[in-house]
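A.B. asks: Starting off with a structure, shown below.
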Amino acid sequence: MNRATNNELIIWDPLVRLCHWGIVAAFIANYFIVEPGRLYHEIAGYCALTLVIVRMVWGFYVSPTSFASFKTINLSQHAFQAHLRQLKNQNIPKAHGHNPFGWLMVFAVIILLVGLGITGFMMEEIDALFGNSALEWTHSLMADGLYGCVLVHIAAVFWTQYKGQIQLIRPMLSGRRKQ
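This is the structure in structure tokens:
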């Protein structure tokens, strides 16, 4: 964990924020704007998949003291109970990255984006699978599942920020949280 100037903590480094907001942009483009199966849909999908891979590599490469490190993951029963107590008492520590529920969401998003990348590639690049209804259904189901995760993520961020009395949005924009 690095301290920034003006009594602030560095929570998310620029690469984490770039990957996060790049995936957001690719998701919005593919789910709401561009037509499925078209070139821009493929480009946005491959960009999202690339960003997921970059973020995964970074999670293993970055210092274990960084909140972006996968070495900070704690999914023990005790970690979940501690987080719920912190929420109840409105005292989530300021020097805090993802909580256990947040890490579960990270895993769900990674799995869904990789699955979307694989099924999208299979539908567009493997001639024998072009027009395969089961593959299209699977791809569509994963896209809808990702949309559900996005909605839960947004609601959880606002609720946790309010209930836990902690800045969550600002650090994802600036990288910093006031102590």
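One rule links them: number in the numbering used here = place in the sequence shown (from 1) + 64. The C-beta atom is built at its ideal place from N, Cα and C for all residues, glycine as well. Since the model is a prediction, treat every value here as computed from it, not as a measurement.
Report the rounded CA-to-CA distance for Gln-245 versus Cys-83, giving the unit in angstroms.
C.D. replies: An answer regarding residue 245 cannot be provided, because it is not within the stretch 65 to 243 covered by the chain.
A.B. asks: Determine the closest residue to Arg-119 out of Trp-76, Thr-202, Glu-72, Trp-201, with distance taken between C-alpha atoms.
C.D. replies: In the sequence shown, residue 119 corresponds to position 55, counting from 1. It is Trp-76.
A.B. asks: Put Lys-242 into one of helix, strand or coil per three-state DSSP.
C.D. replies: Looking up residue 242 in the sequence shown gives position 178. In this structure, Lys-242 counts as strand in the three-state DSSP scheme.
A.B. asks: Give me the Cα-Cα distance between Leu-168 and Glu-200, rounded to the nearest whole angstrom.
C.D. replies: Residue 168 sits at position 104 when you count from the first residue of the sequence shown. Residue 200 sits at position 136 when you count from the first residue of the sequence shown. So the alpha carbons of these two residues sit roughly 26 Å apart.
A.B. asks: Please classify Ala-219 as buried or exposed, where buried requires at least 16 other C-beta atoms within 10 Å of its C-beta.
C.D. replies: Counting from one through the sequence shown, the residue named residue 219 turns up at place 155. Exposed, because fewer than 16 other Cβ atoms sit within 10 Å of the Cβ of Ala-219.
A.B. asks: Can you tell which of Leu-177, Asp-191, Lys-227 has its C-alpha closest to the C-alpha of Phe-211?
C.D. replies: Here residue 211 refers to the residue found at position 147 when the sequence shown is read from its first residue. Per the sequence shown, the amino acid found at residue 211 is Tyr instead of Phe. Among Leu-177, Asp-191, Lys-227, the Cα nearest to that of Tyr-211 belongs to Leu-177.
A.B. asks: Which whole-angstrom value describes the C-beta separation of Ala-143 and Pro-164, a residue pair presumed to lie in contact below a C-beta threshold of 8 Å?
C.D. replies: Counted from its first residue, the sequence shown places residue 143 at position 79. Counted from its first residue, the sequence shown places residue 164 at position 100. Confirmed, about 5 Å.
A.B. asks: Terminal residues of the continuous alpha helix (DSSP H) containing Leu-177?
C.D. replies: Within the sequence shown, the letter at position 113 stands for residue 177. Where Leu-177 is concerned, the enclosing alpha helix (DSSP H) stretches over 164-189.
A.B. asks: If you run the structure through DSSP and keep just helix, strand and coil, what is Gly-228?
C.D. replies: For the purposes of this step, residue 228 is identified with residue 164 of the sequence shown, where counting begins at 1. In the structure shown, Gly-228 sits in coil (DSSP, three-state: anything other than H, G, I, E or B).
A.B. asks: Taking 7 Å as the limit between beta carbons, can you name the residues of its chain near Ser-133, skipping five residues before and five after?
C.D. replies: Along the sequence shown, one-based indexing puts residue 133 at 69. For Ser-133, where only same-chain residues beyond five positions count, the Cβ hits under 7 Å are Gly-123, Val-126, Ser-127.
A.B. asks: Could you tell me if Phe-222 is buried or exposed, where buried requires 16 or more neighbouring beta carbons within 10 angstroms of its beta carbon?
C.D. replies: Translated into the one-based positions of the sequence shown, residue 222 becomes position 158. That one is exposed.
A.B. asks: Can you give me the C-alpha to C-alpha distance between Ser-204 and Ala-198, rounded to a whole angstrom?
C.D. replies: Along the sequence shown, one-based indexing puts residue 204 at 140. Along the sequence shown, one-based indexing puts residue 198 at 134. Roughly 10 Å separates the two Cα atoms.
A.B. asks: When the Cα of Thr-183 is compared with those of Ala-146, Cys-213, Val-98, Gly-109, which residue comes out closest?
C.D. replies: For this step, residue 183 is matched to residue 119 along the sequence shown. The option with the nearest alpha carbon to Thr-183 is Gly-109.
A.B. asks: May I have the straight-line CA-CA distance separating Thr-136 from Gly-209, to the nearest angstrom?
C.D. replies: Counting from 1 along the sequence shown, the entry for residue 136 is found at position 72. Counting from 1 along the sequence shown, the entry for residue 209 is found at position 145. Each residue's alpha carbon lies about 26 Å from the other.
A.B. asks: Report buried or exposed for Leu-232, applying the criterion of at least 16 other Cβ atoms within 10 angstroms of its Cβ.
C.D. replies: The count along the sequence shown starts at 1 and reaches residue 232 at position 168. Burial call: buried.
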